[in-house]
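For reference, the structure is listed below as structure tokens.
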Amino acid sequence: MTDLNRLTLAEARDRLRAKETTSVELTEACLSAIDAADALGAFVHKTPEIALERAKAADERLAQGDAPAMCGLPIGIKDLFCTKGVDSQAASRILEGFRPEYESTVSQQLQDAGAVMLGKLNMDEFAMGSSNETSCYGNAVNPWRRGNDDAALTPGGSSGGSASAVAADLCLAATGTDTGGSIRQPAAFTGIVGIKPTYGRCSRWGIVAFASSLDQAGPMTKTVRDAAIMLETMCGHDPKDSTSADLPVPDFESMLTGDIRGKVIGIPKEYRMDGMPEEIEKLWADGTAMLRDAGAEIRDISLPHTKYALPAYYVIAPAEASSNLARYDGVRYGHRAKLAQGDGITEMYEKTRAEGFGHEVQRRVMVGTYVLSAGFYDAYYNRARKVRTLIKRDFEQVFADGIDAILTPATPSAAFGLGEMNDADPVQMYLNDVFTVTVNLAGLPGISVPAGLDAKGLPLGLQLIGRPWEEGDLLNTAYALERAAGFVAKPDKWW
């Protein structure tokens with residue numbers, strides 16, 4: 001079979017177990033697809049030698065029996081994860097040539113389970129962006145097109161390369177990270193599944209930091225079952241990450257019964273935004289009906305502080321970014337500017353950071369430094385932290401009242417064209433995160449499930465938000481929604 005790269009993780013795993021294919025064959029199918037898909041800009045550091053070496057080792061392990069579920073499955077790794085001996089740039093010029101001597105905990109766990117790394121995936125610089133247009137590698141491109149229009153569309157951001165690669169069948173699955181929606185929004189834009197687990201469920205060690213109290217790694221996959229399989233491998237306590245939760249990791253896949261009878265699904269009135277496209281409104285209503293038909297009780301709920309989430313997020317995230325990115329100074333690793341005669345240490349810092357950081361990163365570092373500065377700390381940063389507490393309390397209240405999961409749209413629109421959002425007004429771009437940032441501020445798990453197509457044939461996603469640490473229950477509700485929606489559309493191959 002030549003279409004091995006089109007398999008889901010679950011299908012490929014079962015074929016490997018049945019000895020109907022090998023990891024080397026799966027890997028070679030993906031490597032061929034990657035080499036033919038440069039137009040998508042998804043893979044930015046290809047690692048075919050490492051991939052084939054790991055595939056051979058996986059085949060040996062499979063032959064011995066008792067291999068983990070992810071063994072032999074070819075995946076892509078977002079460029080934000082440090083990978084030993086392989087360029088790990090966070091899509092930034094300032095980290096050019098950086099090859100870590102260590103492996104991030106999540107990518108190490110996947111490697112230990114026998115997963116095959118095909119290469120590193122494109123993203124927004126330092127994960128700052130919603131369209132994958134801030135990358136030093138150039139744009140990642142969505143494999144979907146609007147009808148017969150050949151305009152290039154965004155795959156979403158910041159995990160745009162991951163979303164594009166999974167949707168185009170360049171890999172069976174990929175890692176992503178989510179600080180304000182960077183797994184769920186690109187998943188919705190490309191018709192795939194993306195889950196952000198509870199904050200602390202996956203280790204952040206070895207993942208280049210953007211906003212440390214918001215960042216969380218998660219899988220981007222073709223189906224909910226695949227998300228359950230991959231998430232289990234990525235989770236677990238890590239003593240190297242002080243925010244990592246020391247909790248047992250359940251067998252998420254075994255929890256996928258599709259039975260949600262008696263579950264209570266909340267529909268928050270605050271997510272009905274002015275000017276929301278009718279298609280998104282209809283998708284939400286359809287999703288609600290699907291869950292009701294599956295036996296869930298639907299209840300209207302209120303999350304009153306939702307309207308403050310976006311402003312609070314765009315104070316807290318840049319503040320943490322300003323602090324985290326202070327380490328990139330041209331001294332220890334990465335890019336260093338060429339200095340003129342007489343330049344001192346200050347000029348080196350200034351020139352290096354001016355050359356190394358792109359405009360969006362510079363913008364957020366400046367905003368973050370401003371809100372942390374002496375005269376404005378209380379007015380902005382402390383106030384945003386108080387708002388964050390209120391947003392978290394809203395969710396705690398509805399969960400205490402018996403709500404099992406919350407259904408919302410994943411994005412305010414389908415994928416937009418690359419270059420359509422004007423750089424002169426960054427706030428327009430920030431509004432893309434309107435349905436996703438609350439989940440990060442409250443540290444909750446959230447999943448985007450493809451649920452339909454818009455009038456131009458582009459995928460649209462619905463978001464389910466779950467109780468903390470109950471990813472298994474959330475995945476099961478998502479599984480029921482996925483089965484009811486019956487989304488099987490794929491992009492027409494043009495690349």
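Residue numbering for the sequence shown follows the UniProt record's numbering, starting at 1 and increasing by one per position. Even for Gly, the Cβ is constructed at its ideal location relative to N, Cα and C. Just so we're clear, the structure is a prediction, and the values are computed from it rather than from any experiment.
Note to self: Less than 8 Å between C-beta atoms, sequence neighbours within five positions excluded: which residues of the same chain meet that for Asp293?
What the structure shows: Ala484
### Query
Are at least three pairs of beta-carbons, each pair with one atom in the region 137-148 and one in the region 37-44, less than 8 Å apart?
yes
What beta strand (DSSP E) runs, 3 residues minimum, are completely inside the region 338-417? 405-409
Short Cβ contact (8 Å threshold) for Thr179 with Ala217:
no
task: Please determine, among Met290, Leu95 and Ala400, the residue with the shortest C-alpha to C-alpha distance to Val331.
output: Leu95
Residue burial classification, Gln64 (beta-carbon count within 10 angstroms, cutoff 16): exposed
* Asked: Under 8 Å between the Cβ atoms of Phe126 and Ser107?
  -> no
Please report the straight-line C-alpha distance between Ile77 and Ala10, rounded to a whole angstrom.
19 Å
How about Ala319 and Tyr381: do their beta carbons lie closer than 8 Å? yes
Practice item. Quick one: residues in its chain with C-beta nearer than 6 Å to the C-beta of Ser158, no 5 flanking neighbours on either side, listed in chain order? Key: Met123, Asp124, Ala127, Gly129 and Ser182
*Leaving out five residues before and five after Tyr430 in sequence, what residues of the same chain have Cβ atoms less than 7 Å from its Cβ?*
Leu310 and Tyr314
Nearest neighbour of Trp494, chosen from Leu372, Glu28, Ala168 and Thr27 [CA to CA]: Ala168
Candidates Lys196, Pro155, Ser23 and Asn132, of which the one nearest Gly114 by Cα: Ser23
How many whole angstroms separate the CB atoms of Thr105 and Asp241, which I take to be in contact at a CB cut-off of 8 Å? 7 Å
- Item | Extent of the continuous beta strand (DSSP E) run through Glu297 | Glu297 to Ile301
ask   = Which value, in whole angstroms, describes the spacing of the CA atoms of Arg385 and Ala312?
value = 7 Å
**Asked** So what does DSSP say about Leu325, is it helix, strand or coil?
**Response** helix
Margin query: What does DSSP give as the partner residue(s) for Val464 in the beta ladder?
Written below: The sequence given here has Leu at residue 464, not Val. Answer is Leu407 and Ile447, bridged to Leu464.
Notebook entry, point to check: Quick one: any contact between the region 273-292 and the region 352-361, if contact means 3 or more CB pairs under 8 Å?
Noted result: no
Item checked: Straight-line Cα distance separating Arg13 from Met70 -> 7 Å
Which stretch, first to last residue, makes up the alpha helix (DSSP H) that contains Met276? Element bounds for Met276: n/a, residue is neither H nor E.
- Jot down the residue ranges of each uninterrupted alpha helix (DSSP H) in the region 183-271, minimum 4 residues, whole runs only, in chain order. 184-190 and 224-234
TODO: Just mark Thr257 as buried or exposed, buried being the case when its beta carbon has 16 or more other beta carbons within 10 Å.
DONE: exposed
### Message
Taking the alpha-carbon of Gly472 as reference, which of Leu16, Arg201, Glu49 and Leu121 has the nearest alpha-carbon?
### Response
Arg201
Checklist entry - What number of angstroms, rounded off, separates the C-alpha of Tyr370 from the C-alpha of Ala321? => result 12 Å
Under a three-way DSSP split, which group does Asp35 fall into?
-> helix
(request) Have a look at Val449 and Tyr328 and give me their C-alpha separation to the nearest angstrom. (result) 37 Å
Query raised in the report: Going by beta carbon distance, what residues of the same chain come within less than 8 Å of Asp59, once the five residues before and after it are set aside?
Result: Thr22, Ser23, Val24 and Gly72
Checklist entry - Where do the ends of the beta strand (DSSP E) carrying Thr22 lie? => result Looking at the DSSP string, Thr22 is not in any beta strand (DSSP E), and its letter there is neither H nor E.
- Quick one: what does DSSP say residue 496 is sitting in, helix, strand or coil? Any answer about residue 496 is impossible in this case: the structure gives the chain only from 1 up to 495.
- Write down the C-beta distance between Asp259 and Thr8 rounded to the nearest angstrom, noting that I regard them as a contact closer than 8 Å. Asp259 to Thr8, Cβ: 22 Å. No contact.
Within the continuous alpha helix (DSSP H) that includes Lys56, where are the two ends? Pro48 to Ala63
Does Leu475 come out as helix, strand or coil in the three-state DSSP assignment? helix
| field | Residues bridged to Gly176 (per DSSP) | value | Gly218
**Asked** Ile465 and Val439 look like a contact to me (Cβ under 8 Å); what is the Cβ gap, rounded to whole Å?
**Response** 6 Å
Where Leu16 falls: helix, strand or coil (DSSP): helix
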